[in-house]
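Chemist: Chains A and B, in that order, are what the protein sequence lines are.
For the first sequence, counting from 1, position 26 maps to 26 in the working numbering; every step adds exactly one.
For the second sequence, counting from 1, position 142 maps to 142 in the working numbering; every step adds exactly one.
From the three backbone atoms N, C-alpha and C, an ideal C-beta is built for every residue, glycine too.
Small disclaimer: the values here were computed from a predicted structure and weren't measured.
I have a structure I would like to understand better, so I am pasting it below and will then ask my questions one at a time.
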Amino acid sequence: MLTARYIADDKLMPWLLSLAETRQVLAPVRQGGQTLFAPLDADSQLDLEGLADASAKAALLPRCETLLEFHYSKGEGVPSRTELEVRETLPDRDAFLFGARPCDAKGFTVFDRVYDGGSRRDIYYCTRRDKTIVAALACTDPADTCFCNRVGGGPGDTDGSDILFTPVEGGYVIEPVTERGEAFLAEQPLVEAEGRLEEARQVRKDVAESMPGGDPLGGAQGEVLRLFDDQEFWGGVAAKCLSCGACSYLCPTCYCFNMTDEINGDDGVRVRTWDNCMSFQFTLEGSGHNPRNGKAQRMRNRIGHKFSYYPELHDGNLACVGCGRCIVHCPVSMDVRAIVAQARDRALAKQEHAND
Amino acid sequence: MASSIDDLKTEIKKALPGLDMVIAWAAGPDPLSHTPLFITEEADVERIEWDPRCSQNLAGYLPGLRGKKVGIVVKGCDARSLVELLQEKLIDREDVTIFGLHCTGAVDARAARKALGSLRGGLESVSVNGGTASFSMSGEPRTLPLAEVLQKKCFTCTGADAEVCDHFIGEHGEPPRVTETPATTLEELEAMSMEERLHFWEDQMSRCIRCYACRSACPLCVCQDHCAAQSREPHWVDQTDHPREKLMFQAIHALHTAGRCTECGECERACPMGLPIMTLKQALNRSIQDLFDYRAGTDPDQAPPLFEFREEEKNIKEREW
């Protein structure tokens, strides 16, 4: 039995701080003019207005994660022999991610299919996922760049969350989504939501109806793929792109990484760091050949991965949750929505032309 | 500005048949910042926008388009980047047709978004009049002080008119009068001890996500795909998340642009984390000015000081110590 609960506005921060005594609490806080997910402490300035500037993905997929530590030493008695000691560094902390938006939480389901995909389990990701309770916060003020409703989501959706918070008059209604969300809440000193549950449902319904309109962006796998060799199209789309990684690194669904050994004397770490397909180095081969030599090929990959290759592999689910951060923070104001729409129109026009 | 935009369109239409393309600005998905427009057909000309939302410096596209005949629309600060590109022979003067404008100030989209709140109702126009900026939202004008909504580089603008150009459109004018500006990051840092400065930068760099938008947006960052930041050999910067590694990259960037940086502000505008990284370049530019009496991007015929070697430098008295 899943029970909805309630917390008043003025009780929220003290409750989160009490949680922070036994686990890491990650929440959107003000940092140098930005709103970013960071460990909460008594000095933190919680910011629950709108969308955080960066997504919450680092909670489960850190910017830089130590996969292992190693140490070289001279073999005992045999100076010519070098011994290598390797130490495992699995995440060991429980965490509570608070205030992720439904789009951020849905992004974790994109990761789950890749990092927890049956035979291929990424132990670092899965350990973090198991140790982190995801508490999403339903949106009440979607931005002009939000489009979750066009990619299979919604401002009050629960995909990827354990718990959903919905702002109501004077506080928040807290609804468990998963069994472990319920088990977590059952141990908390929270009152039952009672009559407020209906208000929460109404808030979510009203916000969903206020979302900007537009055609769904899913189901374009075939169209995007048909443009694979259309140099003119991708060249045009990518002309203004600077080939930086702002879009990928702010994206709640981009999960590509690089691995490097960083060695200092006899000690070293193997780190996994975010990587992005807009970078020249992403596909640079050891021979010096680069199959995605230009930004047009890289843009084709970015759009193709999110709207064609990923959904093709994962039952039509897109690798885009419509948070719009790639639009807001792009230095040249690229619009992923427009690119997909243009791709679809062009592929359809080509097909009609072929049928003439 | 209304007449400027009509004159701009007319001039571009006239020049377009002799050019491969013209780069200007058009309305983009973000109501507060216009997006680059690559014009190849006359019909595209109608999409041109010209107002304080034309923040991006378009000059950075030119080296990548070398060999083509390109027209480009520039503000005063953008023209200084052009001058530097010409000085460094990264572009060819005869291939570039410059449409210069007088700029009344460029909007800092992030700051303006914060100051204005929700833009769901739409934003029809933005203009700068005297000491204030006016944002027309759903027919209602909202007036805000320039210090709140313009890019920081505009506070110390040294020339709002494109000085090097083939076609100057509209009236010449003075830089925006920005009053009550907060202390610059450089001034704040100068009041700090060395230890405090390091702490300041470690705190800032802890937020850096290493997207390298600062580098990609820099019109003078010529290495681009072959940047020291991602090189394994030599191993200047490691890939761990330590703020000092990220600061090391900023130091490399600042040193590579010393005496070349025209303070166009693209590095800071592009940074999705809002880090005050132009400050490092400003500090070096001050040294360059003291040592060589030189300001980047002012004279196409001058050579940047660090491109030259003189046995005796006027202001560096190494033998008199």
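Taking 8 Å as the threshold (beta carbon to beta carbon), is residue 329(A) in contact with chain B?
Modeler: Answer yes: the Cβ-Cβ gap between residue 329(A) and chain B drops below 8 Å somewhere.
Chemist: Since residue 295(A) is in the beta strand (DSSP E), which residue starts that stretch and which ends it?
Modeler: Residue 295(A) -> not in any beta strand (DSSP E); alpha helix (DSSP H) instead, spanning 295-304.
Chemist: Within the continuous alpha helix (DSSP H) that includes residue 184(B), where are the two ends?
Modeler: Taken as a continuous stretch (DSSP letters only), residue 184(B) belongs to no alpha helix (DSSP H), as it is neither H nor E.
Chemist: Between 343(A), 330(A), 44(A) and 38(A), which lies nearest to residue 28(B) when the distance is taken from Cα to Cα?
Modeler: The residue with the shortest Cα to Cα distance from residue 28(B) is 330(A).
Chemist: Using 8 Å as the cut-off, can you tell me whether the segment 250-259 of chain B makes contact with the segment 115-133 of chain B, which would need three or more C-beta pairs spanning the two stretches below that distance?
Modeler: The segment 250-259 of chain B is not in contact with the segment 115-133 of chain B.
Chemist: Using the beta-carbon count (16 or more within 10 Å), is residue 84(A) buried or exposed?
Modeler: The residue is exposed, with fewer than 16 neighbouring Cβ atoms inside 10 Å.
Chemist: Just the chain B side, please: which residues come within less than 8 Å of residue 98(A) by C-beta, in chain order?
Modeler: Near residue 98(A) there are no residues of chain B at all, since even the closest Cβ is about 20 Å away, more than 8 Å.
Chemist: With residue 365(A) and residue 131(A) assumed to form a contact (beta carbons below 8 Å), what rounded beta-carbon distance in angstroms separates them?
Modeler: Shown here, chain A extends from 1 to 356; a query on residue 365(A) therefore has no answer.
Chemist: Taking Cβ positions, are residue 303(B) and residue 84(B) nearer each other than 8 Å?
Modeler: No, they are not a contact pair.
Chemist: Would you identify the three-state DSSP class for residue 15(A), choosing helix, strand or coil?
Modeler: In the structure shown, residue 15(A) sits in a helix (DSSP, three-state: H, G or I).
Chemist: Check each residue of the segment 16-46 of chain B: if its Cβ is closer than 7 Å to any Cβ of chain A, include it; give the result in chain order.
Modeler: Listed by position, the residues of the segment 16-46 of chain B near chain A (Cβ gap below 7 Å) are 28, 29, 30, 31, 33, 35, 36 and 38.
Chemist: Does the distance from the CB of residue 208(A) to the CB of residue 161(A) come in under 8 Å?
Modeler: For residue 208(A) and residue 161(A), no; Cβs fall outside 8 Å.
Chemist: Using a Cβ-Cβ cut-off of 8 Å, state whether residue 142(B) counts as contacting chain A.
Modeler: Not one chain A Cβ lies under 8 Å of residue 142(B).
Chemist: Determine the burial state of residue 223(B): buried for a count of at least 16 other Cβ atoms within 10 Å of its Cβ, exposed for fewer.
Modeler: Under this definition residue 223(B) is an exposed residue.
Chemist: Does residue 145(B) come within less than 8 Å of chain A when only Cβ atoms are used?
Modeler: With 8 Å as the cut-off, residue 145(B) does not count as an interface residue toward chain A.
Chemist: Looking only at its chain, what residues have a beta carbon closer than 6 Å to the beta carbon of residue 80(B), apart from the 5 residues adjacent to it on each side?
Modeler: These residues qualify, in order along the chain: 262 and 297.
Chemist: Could you please give the first and the last residue of the uninterrupted alpha helix (DSSP H) stretch that includes residue 310(A)?
Modeler: Note, residue 310(A): alpha helix (DSSP H), 310-313.
Chemist: By Cβ distance, which residues of its chain are closer than 7 Å to residue 115(B), with the 5 residues on each side in sequence left out?
Modeler: Excluding positions up to five away in sequence, the list reads 144, 148 and 149.
Chemist: Can you look up residue 18(B) in the DSSP assignment and give me helix, strand or coil?
Modeler: Residue 18(B): helix per DSSP, three-state reduction.
Chemist: Under 8 Å by Cβ, that's how I've got residue 199(B) and residue 11(B) pegged, so tell me the actual separation to the nearest angstrom.
Modeler: Their Cβ separation, rounded to whole angstroms, is 51 Å, which puts residue 199(B) and residue 11(B) out of contact at 8 Å.
Chemist: Who are the near neighbours of residue 202(B) in its chain, counting only those whose CB is closer than 6 Å to its CB and skipping five residues on each side?
Modeler: The residues are 243.
Chemist: Going along the chain, which residues of its own chain have a beta-carbon closer than 6 Å to the beta-carbon of residue 284(B), five neighbours each way excluded?
Modeler: 254 and 258.
Chemist: From residue 39(B) to residue 15(B), what does the alpha carbon distance come to, in whole angstroms?
Modeler: Approximately 11 Å between the Cα atoms of the pair.
Chemist: If you draw a straight line from the C-alpha of residue 407(B) to the C-alpha of residue 55(B), how long is it?
Modeler: The structure shown has nothing for residue 407(B), since chain B only spans 1 to 321.
Chemist: How would you call residue 226(B), buried or exposed, if buried means at least 16 neighbouring beta carbons within 10 angstroms?
Modeler: Label assigned to residue 226(B): exposed.
Chemist: Taking only beta-carbon atoms, is residue 280(A) less than 8 Å away from chain B?
Modeler: Yes, residue 280(A) counts as interfacial toward chain B.
Chemist: What does a CB cutoff of less than 7 Å around residue 256(A) pick up in its chain, not counting 5 residues either side in sequence?
Modeler: Excluding positions up to five away in sequence, the list reads 275, 276 and 277.
Chemist: Between the segment 252-263 of chain A and chain B, which residues of the former have a C-beta closer than 8 Å to a C-beta of the latter?
Modeler: So the list reads 258, 260 and 262, given in the order they occur along the chain.
Chemist: How is the alpha helix (DSSP H) around residue 288(B) delimited, first residue to last?
Modeler: Where residue 288(B) is concerned, the enclosing alpha helix (DSSP H) stretches over 278-292.
Chemist: Between the C-alpha atoms of residue 312(B) and residue 319(B), what's the straight-line distance to the nearest angstrom?
Modeler: Cα-Cα distance, rounded: 10 Å.
Chemist: Among the candidates 7(A), 219(A), 290(A) and 133(A), whose CA atom is the shortest distance from the CA of residue 171(A)?
Modeler: Minimum Cα distance to residue 171(A) is reached at 7(A).
Chemist: Taking C-beta pairs closer than 7 Å, name the residues in chain A that residue 211(B) reaches, listed in chain order.
Modeler: Result: 244, 245, 246 and 249.
Chemist: CA-CA distance, residue 179(B) and residue 151(B)?
Modeler: Whole-angstrom Cα-Cα distance: 13 Å.
Chemist: In this structure, what does DSSP give as the bridge partners for residue 133(A)?
Modeler: For residue 133(A), which the question treats as bridged, DSSP gives the partners 96(A).
Chemist: 8 Å is my cut-off, CB to CB: does residue 57(A) come that close to chain B?
Modeler: Taking Cβ atoms only, chain B never reaches closer than 8 Å to residue 57(A), which makes this a no.
Chemist: Measuring CA to CA, which of 87(B), 119(B) and 161(B) is closest to residue 105(B)?
Modeler: Ranking 87(B), 119(B) and 161(B) by Cα distance to residue 105(B) puts 161(B) first.
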